[in-house]
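Chemist: Chains as they are written, first to last, in this note's numbering: chain H, 74 to 229; chain Z, 203 to 939.
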Amino acid sequence: CLCIASLTACGFQLRGPKPLAFKTIYLGINPYSELNAALKRQIHTSGTTEAVAAATEAEVMLQVANDSQEKVILSLATDGTVREYQLRRSFSFRVQDRKGREVLSLAQINLTRDMTFSDNVRLAKDQEETQLYRDMEDDLVQQIMRRLAAIRPSAP
Amino acid sequence: AAPALQLSGDIKPEVRDRDAPTRIRADQLEGVNQREVIATGRARLTHGDLSVKSDRLRLDQVLNELTAEGTVRLERGKDVVEGPRARINLDTYIGEFEAPRYSFQRELLAVRRPQSRPLQALGQADSLSLEGPNQYRLSNATYTTCLAPDPDWYLKVRDLRIDYDRERGEGTNTSLHFKGTPVAWVPWMDFPLADSRQSGLLPPTLGTTSLTGLDLTVPYYINLAPNYDATIAPRWMGRRGLQLGSEFRYLESGGSGKVSGEWLSHDTVTGTGRGLFSTRNTHDFGNGLNAYLDFSQVSDRDYFSDLSTRITSTSQATLNQQLQLNYAGLPWLSSSFNVQRYQTLVGESPYDRLPQVKAAILVPDVSGVSVKMPLEYVKFGHPTKDEGERVVANPQLSLPLRNSYSFFTPKVGVHLSQYELTRRTTVGSQSVQRSVPTLSLDSGLYFERDIDVDNKDYTQTLEPRLFYVKTPYRDQTKIPVFDSALADFNMSQLFAENSYTGSDRIADANQLTSAVTTRFIDNSTGAENMRVAVGQRFYFSDQRVIMPAVLDSGGNVVVPAETRREGRIADWLGAVSGRVARDTWLDNAYQYDPREHRTERAVLALRYQPGASQVASVSYRYQRALLRDLDISAQWPLGGGWYGVGRYNMNLRDHKLSEAIAGFEYKADCWVLRTVWQTLLNTKNQRNNSLFLQIEFNGLASIGSSPVQLLKRSIGGYTKLSNNSSGDPVFGTSADE
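1. Under 8 Å Cβ to Cβ from Tyr607 of chain Z, same chain only, skipping five residues before and after it: list those, please.
2. Compare the beta carbon distance of Gln558 of chain Z and Gln542 of chain Z with 8 Å and say whether it is the shorter of the two.
3. By DSSP's criteria, Tyr365 of chain Z is part of a beta bridge. Which residues make up the other side?
4. When the Cβ atoms of the region 525-538 of chain Z are set against those of the region 507-514 of chain Z, are three or more pairs found closer than 8 Å?
5. So, using beta-carbon positions, are Glu238 of chain Z and Ser256 of chain Z closer together than 8 Å?
6. Just mark Thr964 of chain Z as buried or exposed, buried being the case when its beta carbon has 16 or more other beta carbons within 10 Å.
7. With a cut-off of 8 Å, does the C-beta of Lys96 of chain H fall near any C-beta of chain Z?
8. What are the boundary residues of the beta strand (DSSP E) that Leu828 of chain Z is part of?
9. Is Ser448 of chain Z near Ser467 of chain Z, with beta carbons less than 8 Å apart?
10. Measuring only between beta-carbons, confirm whether Gln204 of chain H sits less than 8 Å from chain Z.
11. Grouping DSSP H, G and I as helix and E and B as strand, with all else coil, what is Asp486 of chain Z?
12. Only counting the same chain, and skipping five residues up and downstream in sequence, which positions put a Cβ closer than 6 Å to that of Arg503 of chain Z?
13. Cα-Cα, which of Z:Ser501, Z:Tyr920, Z:Ile513 and Z:Gln524 is closest to Tyr494 of chain Z?
14. Would you say the region 665-680 of chain Z touches the region 693-708 of chain Z, given that touching needs at least three Cβ pairs under 8 Å?
15. With distance defined between alpha-carbon atoms, name the residue in Z:Ser501, Z:Tyr452, Z:Gly477 and Z:Ala323 nearest to Thr484 of chain Z.
16. With Ser923 of chain Z as the anchor, note down where its alpha helix (DSSP H) starts and where it stops.
17. Applying a beta-carbon distance threshold of less than 8 Å, which residues of chain H neighbour Val752 of chain Z?
18. Answer with yes or no whether the minimum CB distance from Arg156 of chain H to chain Z is below 8 Å.
19. What ranges does the beta strand (DSSP E) occupy inside the region 710-735 of chain Z, keeping only unbroken runs of at least 3 residues that lie completely in it?
20. Taking Gly325 of chain Z and Tyr356 of chain Z to be in contact with their CB atoms under 8 Å, please state how far apart those CB atoms are, rounded to whole angstroms.
21. By the criterion of Cβ-Cβ separation under 9 Å, what are the contact partners of Arg823 of chain Z in chain H?
22. Report the rounded CA-to-CA distance for Arg739 of chain Z versus Asp677 of chain Z, giving the unit in angstroms.
23. Between Ala814 of chain Z and the rest of its own chain, which residues show a CB-CB distance below 6 Å, the 5 nearest in sequence each way excluded?
24. Could you pull out every residue in the same chain whose Cβ sits closer than 6 Å to the Cβ of Asp833 of chain Z, ignoring the five residues on either side in sequence?
25. Residue ranges of each beta strand (DSSP E) run of no fewer than 3 residues wholly in the region 531-574 of chain Z, ordered along the chain?
26. Check the Cβ-Cβ distances between Ala127 of chain H and every residue of chain A, and say whether any is below 8 Å.
27. Taking Cβ to Cβ, would you say Ser1016 of chain Z is nearer than 8 Å to Thr586 of chain Z?
28. Pull up the CB-CB distance for Gln635 of chain Z and Gly615 of chain Z, whole angstroms please, since I reckon it's below 8 Å.
29. Just the chain Z side, please: which residues come within less than 8 Å of Gly173 of chain H by C-beta, in chain order?
30. Under a Cβ-count criterion, where at least 16 other Cβ atoms within 10 Å of its own Cβ denotes burial, should Ile771 of chain Z be classed as buried or exposed?
31. Which two residues bound the contiguous alpha helix (DSSP H) that contains Glu201 of chain H?
32. Assess, as a yes-or-no matter, whether the region 123-134 of chain H is touched by the region 150-158 of chain H under the definition of 3 or more beta carbon pairs within less than 8 Å.
33. Taking the alpha carbon of Glu591 of chain Z as the point to measure from, which residue in Z:Val683, Z:Pro533 and Z:Val282 has its own alpha carbon closest?
34. Output yes or no for whether 8 Å exceeds the beta carbon distance between Lys574 of chain Z and Ser537 of chain Z.
35. Do the CB positions of Leu378 of chain Z and Ala386 of chain Z come within less than 8 Å of each other?
36. Got a sec? Which residues, its chain only, sit under 6 Å from Tyr675 of chain Z by beta carbon, not counting five neighbours each side?
Written out as structure tokens, the structure is:
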């Protein structure tokens with residue numbers, strides 16, 4: 074309220090550049106996936122760090138421990154068919170340096186989106202599902218970036 | 203849910219100590235040189251990892267054979283056998299033991315099964331034969347992995363063979379004694395010795411359901427190879443007959459999949475044979491090419507509602523039958539070829555897509571300009587409705603400008619579509635074209651401040667965002683609707699250009715969306731702990747494009763036409779989600795209609811999880827004119843090894859119980875008992891009530907079966923009770939159960 078009207082009065086400041094604590098990273102994610110491409114672009118926009126194609130050339134390496142998605146029934150209609158789904162994406166990863174030391178221990182990111190469903194518009198709902206998974210992936214990329222930004226420079 | 207498949211095999215190292223020296227100690231030693239040694243009084247012989255203690259030992263040095271009498275205690279590794287008399291050949295480890303008590307323990311190869319624990323078994327027998335370093339044969343034996351002095355359960359076996367090289371046990375004339383009473387008998391059995399992937403019986407499930415009568419499933423697991431397995435599950439249904447179910451799974455470096463089937467040759471209720479075939483496979487050919495196959499078919503529309511107790515099956519109105527190839531081998535291209543149809547169980551058939559071809563060209567940076575061009579060709583087929591082909595192209599140019607604290611993205615695009623129809627049942631011509639341009643401006647700022655919550659450093663962000671869309675009106679009433687519908691109104695949809703999914707309707711728009719998000723980020727880990735967002739949209743013009751009603755083949759309305767929006771202000775959207783306290787998670791969403799002064803949608807979900815096997819969740823979901831639902835679930839320790847499990851999913855709007863589960867689990871030292879009652883609404887509008895009972899004997903068979911799947915699916919945060927403190931080695935999470 075008052076805080077919003079005068080952001081700086083309650084300590085908010087425009088976000089400054091936050092360079093990552095490493096210059097190069099190898100992404101242990103399917104190189105042909107959207108996730109890899111999106112993360113690569115985000116890392117590139119930091120201006121100081123690049124995702125490299127070979128693990129041996131990278132200062133740190135991101136390893137995926139689990140990446141899964143599932144669709145859970147939230148509620149049924151009176152005729153027993155599905156009326157609501159919850160879409161879930163679960164992603165966990167760790168980051169190691171070249172010597173195999175963990176610079177970021179296992180980080181788990183869970184995302185969910187609820188979606189109403191009707192078999193009468195199944196094709197439309199299938200596309201909506203795809204869009205929501207994409208929206209979750211954008212969210213996921215942002216959250217991975219924040220986790221990477223929390224990595225402190227390690228001793229050489 | 204069967205155990206996880208793995209890609210690599212293993213070879214067990216051979217351990218032999220043929221040439222190890224033999225040492226004997228005793229109060230008194232006598233013998234004939236090179237012939238025999240007789241040791242009496244606290245006698246002890248060691249040979250490699252073998253050690254034998256007894257009152258009297260005699261070693262025949264010609265045959266290298268040891269005879270022991272008195273109180274004999276043989277130790278080899280962690281195996282211990284005690285009895286009054288024994289004979290053993292030190293070269294071959296072949297020998298005999300009279301009236302032994304035994305305790306065997308083996309470490310399993312840690313590399314292969316990182317989570318499995320050492321395996322220990324106890325028992326006694328009339329006699330025991332040593333048949334090699336890792337083979338034992340016992341006669342009239344008891345066997346248990348329950349390590350208590352008075353075990354709750356044990357097997358009584360006439361002829362028991364234990365082979366630690368194959369990690370298998372085999373017995374004839376075997377009875378299972380539980381609490382001193384025989385509860386089951388089999389003439390022959392073959393069981394895994396390790397708590398791991400081995401062929402053998404899985405815990406049977408006994409139940410009764412209102413649609414099938416008495417219901418007994420005895421699954422048998424077949425471990426074909428490290429990366430192949432199968433399960434065969436005969437299921438006896440008192441009212442319907444014998445069903446045979448089977449599942450085959452594989453995992454290869456390029457892909458994985460499963461094939462499953464069920465067959466009931468003669469359903470005594472319907473008088474027909476009934477079955478299911480289902481397969482799901484993914485394969486990655488490398489270089490960005492992959493394939494996906496998902497195919498399910500049942501013999502008749504009522505198959506699941508008559509025979510299944512799983513909500514994921516009984517709620518299905520359509521079964522997917524799809525083959526898709528994806529190619530993303532070039533950095534600027536992603537493409538797919540898809541053939542897809544459905545088997546319809548309830549209601550109207552969806553459109554077939556035979557085929558759908560998609561290609562999207564994306565060049566993220568051409569001198570700062572981002573170029574995107576999705577292309578799609580689809581041939582839609584349907585038994586009664588409009589049929590034909592549709593081609594869509596949607597070239598878009600955007601100029602993303604960003605720095606650390608802001609972004610601004612102007613974007614222009616044009617949606618081009620061409621329809622060529624072979625059958626027209628709605629009003630309009632066979633051939634239709636449409637082009638709709640769209641302009642959008644997306645912008646946002648990032649503010650941050652440091653705050654302190656419970657003496658931990660957090661960053662609070664404040665992210666205001668403004669999004670403007672302009673799309674001119676085009677008359678689309680003469681265009682058929684194949685794959686379009688009004689999308690749910692939510693935070694994701696708030697920033698979409700088109701309020702419809704699919705390509706058949708492009709909403710006219712002249713609107714400004716504003717939203718602000720604040721996040722609480724843990725500075726030490728970068729984890730987002732909580733998020734609050736509020737959003738609103740303002741319309742500069744009235745809505746003209748309307749989504750028409752969906753009709754069935756009889757002309758009846760199954761989904762009513764969209765109601766035209768009135769007024770300038772759209773609904774308010776708010777959302778709060780995250781970890782609000784150490785063990786408490788909150789997920790709330792709210793949609794408010796300021797014109798009518800009413801709530802359009804509300805979700806209140808709370809989860810409290812202070813520990814493993816201790817979770818309670820409650821959620822209330824409301825959507826005006828659509829749903830009002832209460833969902834409560836919990837797994838909670840009641841003390842003394844008892845746990846309560848339950849779920850209550852109530853449709854408050856129509857006063858119908860969608861699903862309810864109530865049950866108990868009891869965890870003793872060596873076994874777990876589960877009893878679960880379930881009531882489920884199916885698509886025949888019947889209520890199927892079922893009651894299941896399962897006892898899991900620790901170390902005998904501990905691979906999940908249906909009550910566990912039911913509980914995992916129904917109770918968010920459910921943890922399977924297990925005596926294995928290091929976590930369950932074999933019960934993988936499976937998304938599709």
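Glycine included, each C-beta is placed from N, C-alpha and C at the ideal position.
Modeler: On the basis of the data shown:
1. Closer than 8 Å at Cβ, skipping near neighbours: Leu647, Tyr648 and Phe649.
2. yes
3. First, the amino acid is wrong: residue 365 of chain Z is Asp here, not Tyr. Bridge partners of Asp365 of chain Z: Z:Gln337 and Z:Arg370.
4. no
5. no
6. Any answer about residue 964 of chain Z is impossible in this case: the structure gives chain Z only from 203 up to 939.
7. For Lys96 of chain H, no Cβ of chain Z is located within less than 8 Å of the residue's own Cβ.
8. No beta strand (DSSP E) contains Leu828 of chain Z, which DSSP labels as neither H nor E.
9. no
10. yes
11. Strand, per DSSP.
12. Leu547
13. Z:Gln524
14. Touching, per the Cβ criterion.
15. Per the C-alpha coordinates, the member of Z:Ser501, Z:Tyr452, Z:Gly477 and Z:Ala323 positioned closest to Thr484 of chain Z is Z:Tyr452.
16. The question names Ser, but residue 923 of chain Z in the sequence shown is Leu. Segment: none, Leu923 of chain Z is in no alpha helix (DSSP H) and carries neither H nor E.
17. Asn193 and Val194
18. yes
19. 711-724
20. In this structure Gly325 of chain Z is in contact with Tyr356 of chain Z, their Cβ atoms being roughly 7 Å apart against a cut-off of 8 Å.
21. Leu147, Ser148, Glu157 and Asp187
22. 24 Å
23. Thr921
24. Ser821 and Asn851
25. 535-546 and 554-568
26. Structure shown: chain A not included; protein chains present are H and Z.
27. Since the first and last residues shown for chain Z are 203 and 939, residue 1016 of chain Z lies out of range.
28. Wrong, their Cβ atoms sit about 17 Å apart, outside the cutoff.
29. Chain Z residues near Gly173 of chain H: none, gap ~17 Å exceeds 8 Å.
30. exposed
31. Arg195 to Ala222
32. No contact exists between the region 150-158 of chain H and the region 123-134 of chain H.
33. Z:Val683
34. no
35. yes
36. Asp710 and Arg746
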